Amino acid sequence: MYLFLCHLAFVDIGYSTSVTPLMIVSFLRERTAIPVAGCIVQLGFDVIFGTAECFLLAAMAYDRYVAISSPLLYSIHMSPGVCIILLVASYLGGCVNASSFTACLMSLDFCGSNKINHFFCDLPLLVKLSCTRIYMAEISPAISAGSIIVITLFIIVVSYVYILHAILKMRSTEGWHKAFSTCTSHLTVVTLFYGPVTFVYVIPKSSHSSDYVKVVSVFYTVVIPMLNPLIYSLRNKEVKEAMRKLMARTRWSFCK
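Take the sequence shown: its position 31, counting from 1, is numbered 115 in the numbering used here, and each next residue is one higher.
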């Protein structure tokens with residue numbers, strides 16, 4: 085489990101870093117220019133880390149299923165070799181998905197206004213700017229991203245269905261508490277990540293304005309990567325105690 089958490093933290097850092105510098109510059113300046121090559125690089129890293137996070141969250145859901153359903157066989161089913169295979173598959177899936185996005189971007193020609201109402205290079209907006217309408221450039225990334233979202237969500241849902249079935253078979257309250265505490269952090273991260281992504285890439289674009297898209301994009305590219313370490317740290321007793329003391333000290337200072 086801790087191996088997946090380490091790589092989730094690494095992916096969050098890479099995901100946020102690929103977007104945040106340009107976003108800060110765009111906030112400080114009225115206009116921000118980025119060359120096409122830089123746009124391709126940014127889009128590639130953004131897709132790699134975003135896709136890897138989807139696969140990592142699915143792998144972590146399976147990891148929790150094994151831990152709760154077969155705790156005595158956990159070291160066998162989730163051996164170091166299996167964990168490494170899941171990690172390699174996550175990063176490989178990110179690279180494959182990114183290659184489809186970048187290939188589509190490289191096939192486009194831009195001959196008019198190259199202004200987008202966003203703070204990072206997002207392929208749907210770049211396709212609209214292209215003066216050559218390439219059908220595959222529009223449909224291929226949508227199919228690739230949609231398939232990854234559906235597959236990983238399916239794995240997560242199925243894993244938690246089996247987890248719920250295993251929890252209902254438990255007779256001790258302590259077992260229920262441990263099982264739910266094991267899954268709460270992961271479910272919170274999954275909800276926070278897939279909710280904004282679904283809002284931006286699945287819900288029809290006519291139902292929300294570009295300003296709402298930018299706000300939600302800031303949330304899933306910057307805010308959530310910062311929240312993930314805090315969400316998982318709250319399971320630690322020392323962190324909980326430190327937070328309790330901080331809140332008590334803050335409350336006392338306000339009372340004064």
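The beta carbon of each residue, even a glycine, is placed where N, CA and C say it ideally should be.
Note that the structure is a prediction, hence the values are computed from the model and not measured.
Residue i burial status per 10 Å Cβ neighbour count (16 or more: buried)
i    : result
I169 : exposed
M162 : buried
L157 : exposed
R148 : buried
Y304 : buried
L127 : buried
P280 : buried
N181 : buried
A145 : buried
G165 : exposed
P119 : exposed
K225 : Residue identity check: residue 225 is Pro in the sequence provided, not Lys. Label assigned to P225: buried.
From the options, residue whose alpha carbon lies closest to that of residue i
i    : options                : result
S100 : L311, I315, Y316, S317 : L311
T268 : L189, I315, S159       : I315
A121 : D193, T257, L271, P164 : D193
A187 : G279, Y278, I124       : I124
A229 : S256, Y278, W260, M254 : Y278
I152 : Y244, S224, M107       : Y244
K262 : V273, L248, V242       : L248
F185 : I227, Y146, S159, K199 : I227
I223 : H202, W260, L189       : L189
L276 : C90, I118, S301        : S301
L89  : V306, T282, V307, T266 : T266
V306 : F264, G134, S154, P155 : G134
A117 : C215, I200, C195       : I200
Contact under 8 Å by Cβ, residue i with residue j
i    : j    : result
I132 : G178 : yes
D130 : V103 : yes
P313 : A143 : no
L141 : I240 : yes
I232 : C138 : yes
F204 : L271 : no
N198 : L213 : yes
Residue i versus residue j - alpha carbon distance
i    : j    : result
V299 : V211 : 21 Å
L207 : S317 : 34 Å
L176 : A136 : 8 Å
I344 : L237 : This structure gives no information on residue 344, because the portion of the chain shown stretches from 85 to 340.
L171 : V150 : 17 Å
S183 : A173 : 15 Å
H202 : P309 : 19 Å
V95  : Y86  : 14 Å
V242 : S256 : 24 Å
Y246 : K253 : 11 Å
S191 : G98  : 26 Å
I160 : W260 : 23 Å
C215 : L112 : 30 Å
F264 : E258 : 10 Å
V274 : H91  : 15 Å
P155 : T282 : 33 Å
CB contact check: residue i to chain B, cutoff 8 Å
i    : result
L157 : No chain B is present in this structure, which holds just one protein chain.
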